[in-house]
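So the structure is just underneath, and the comments pick up after that.
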Ligand SMILES: [Zn+2]
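Set out below in structure tokens:
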């Protein structure tokens, strides 16, 4: 993920989605440049609310390396298929001690990073720093727009400083230690800074937070609802602009031209009914050595993006399977469905947040040096409340994500009939990305946006309805199919 992995969208404060592209696609941590969600303030503004992976929000990816792969539904209960090679044994054998150490660290960070972000915000409140930043902002301007913009800049700076150790470890040190990135420190730092500036522009310069605070001031009893409703168009707008305006700030995207395999990938896209100009290659090798691909954007901005690492590292039939999986996300409208899921959940979270914020202010407002929710010193409180609620909602969002991922696997098998290549692709992902193919069930339920790779391998080997003349479940009604 990138530093700002999520493009915010909060309603005014909230946020969402930037995950970066490719990244989150890796968003989940897979990518080296990832910032711990909720740690840096401005970014946390964004990330806070929905710490959703981009998998759901913005990008639907093939694999979360970060230890997030998991299995959701298992319709794989079909008849056991003949297995040429012992792929399950291979993927287990490929999960080395080193990879296990990495995956365990990632899983721990999945809990620690959001908690750390919440602690940073608590510190800003209880230390009085938030009140002091508000005083400085008021000294510089009377208009709410200026006050909030200044506050957000200070908040971002404070968050960067306080969150830096974790961001450094999570986004840079651990990836280098396990040989998953070559990115130079300066480049990583540049991505981090870009992410913060982007969050300030998106939330502050564009007066999103200001509008949210106007709503809080005008409607002290209903603002949770207004913010929730206001977030919906922002989520959609964020998903729309992300591939076009945000992702190119961090990586270069090229149409799939002059690449090996180009004709085969485009032929597959044609069979799926996807226009060739919606298929791109991104230079993720600048940030990571891991493999991935993803779909993000909606409507006219929707696109399938293949990481150049995948293109150069995987075998051709495995790459085709990976692309078929992404085409499944595209054709099955998973980005839209994810937005709806997050939008509905967001309404609940904002309504709860309103209650919590008011109660917290009544209880601790004196110590925090503000007594109303529309005081901009309450921004850290709102962010931390939304972070906490979205952390609690994460298992639900991840269950939805795992369901979509399984559907994309079904689609990929149905359009390619490449069971063997699919299984090998999952082995390559597990091995290259140091993903735990068989995580503990509880961890899967809480953190994994994808089904565990071992489940996906078993399903890839077993699922072949066409061999008994049974109809496909998902592929077949595309425009390209007569
Ligand atoms: Zn996927």
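Numbering (my numbering), first residue to last: 667 to 1148.
Just so it is clear, CB atoms sit at the ideal spot from N, CA and C, and this is done for glycine as well.
Exercise. What is the rounded straight-line gap between the Cα of residue 691 and the Cα of residue 729?
Worked result: The predicted position of residue 691 is uncertain, since its pLDDT is 30 and thus under 50; a value taken from the coordinates is nonetheless stated next. Going by the C-alpha atoms only, they are around 7 Å apart.
Exercise. How many Å lie between residue 1019 and residue 752 at the Cα?
Worked result: The alpha-carbon atoms of residue 1019 and residue 752 are separated by roughly 50 Å.
Problem set entry | residue 776 versus residue 1124 - alpha carbon distance | Take the alpha-carbon of residue 776 and the one of residue 1124: they are about 26 Å apart.
For this session: Run the proximity test for residue 753: is its beta-carbon closer than 8 Å to any non-hydrogen atom belonging to ligand 1?
Result: Set against 8 Å, the gap from the CB of residue 753 to the closest heavy atom of ligand 1 is not smaller.
Problem set entry | Beta-bridge pairing of residue 921 - partner residues as DSSP gives them | According to DSSP, residue 921 bridges with 946.
Exercise. Is residue 995 near ligand 1, in the sense that its beta carbon is under 8 Å from a heavy atom of that ligand?
Worked result: At least one heavy atom of ligand 1 is nearer than 8 Å to the Cβ of residue 995, so yes.
Exercise. Does DSSP put residue 808 in a helix, a strand or coil?
Worked result: Residue 808 falls in the coil class under three-state DSSP.
Problem set entry | Nearest candidate by alpha-carbon position, reference residue 1090, set 1139, 971, 988 | For residue 1090, the closest alpha carbon among the candidates 1139, 971, 988 is that of 988.
Exercise. Terminal residues of the continuous alpha helix (DSSP H) containing residue 1076?
Worked result: Segment 1045 to 1082, the alpha helix (DSSP H) holding residue 1076.
Exercise. Can you give the Cα-Cα distance for residue 1149 and residue 1084, rounded to whole angstroms?
Worked result: Here the chain comprises residues numbered 667 to 1148, so residue 1149 is not present and cannot be evaluated.
For this session: Taking only heavy atoms of ligand 3 into account, decide whether any of them is closer than 8 Å to the Cβ of residue 999.
Result: With respect to ligand 3, the structure shown offers nothing to examine, as its ligands consist of ligand 1.
Problem set entry | Nearest candidate by alpha-carbon position, reference residue 963, set 952, 938, 997 | That would be 997, whose Cα lies nearest to the Cα of residue 963.
Problem set entry | Cβ separation of residue 860 and residue 916, assumed to be a contact under 8 Å, to the nearest whole Å | About 7 Å separates the beta carbon of residue 860 from that of residue 916, a gap short enough to meet the 8 Å contact definition.
Exercise. Comparing the CB of residue 727 with every heavy atom of ligand 1, is any distance shorter than 8 Å?
Worked result: Yes - ligand 1 has a heavy atom lying nearer than 8 Å to the Cβ of residue 727.
Exercise. Secondary structure at residue 980, three-state DSSP: helix, strand or coil?
Worked result: In the structure shown, residue 980 adopts coil according to DSSP, grouped into three states.
Exercise. What is the DSSP secondary structure of residue 885, counted as helix, strand or coil?
Worked result: DSSP places residue 885 in coil when its eight states are reduced to three.
For this session: Could you check how far apart the C-beta atoms of residue 1005 and residue 901 are, in whole angstroms? I think they sit under 8 Å.
Result: Confirmed, about 6 Å.
Exercise. Is residue 1074 near ligand 1, in the sense that its beta carbon is under 8 Å from a heavy atom of that ligand?
Worked result: Yes, the Cβ of residue 1074 comes within 8 Å of a heavy atom of ligand 1.
For this session: Alpha carbon to alpha carbon, how far is residue 1058 from residue 708? Give it in angstroms, no decimals.
Result: For residue 708, the predicted structure reports a pLDDT of 40, less than 50, and the residue's modelled location is therefore unreliable. The matter cannot be settled from this model.
For this session: With residue 953 as the anchor, note down where its alpha helix (DSSP H) starts and where it stops.
Result: Segment: none, residue 953 is in no alpha helix (DSSP H) and carries neither H nor E.
Problem set entry | Reference residue 974; option with closest CA among 830, 1100, 921, 869 | Checked all of 830, 1100, 921, 869; the closest Cα to residue 974 is 921.
Problem set entry | Opening and closing residue of the alpha helix (DSSP H) in which residue 771 lies | Counting along the chain, the alpha helix (DSSP H) containing residue 771 begins and ends at 763 to 792.
Exercise. Skipping 5 residues on each side, what residues in its chain have a beta carbon closer than 6 Å to that of residue 967?
Worked result: Excluding sequence positions up to five before and after residue 967, its CB lies within less than 6 Å of the CB of 906, 909, 910, all in the same chain and listed in chain order.
For this session: Compute the distance between the beta-carbons of residue 621 and residue 990, then report whether it is under 9 Å.
Result: With the chain running from 667 to 1148 in the structure shown, residue 621 is simply not present.
Exercise. If you pair each beta-carbon of the segment 834 to 849 with each one of the segment 818 to 826, do three or more pairs fall below 8 Å?
Worked result: Not touching, per the Cβ criterion.
Exercise. Which residue's Cα is closest to the Cα of residue 1142: 1063, 1009, 994, 1121?
Worked result: Comparing alpha-carbon positions, the option among 1063, 1009, 994, 1121 lying closest to residue 1142 turns out to be 994.
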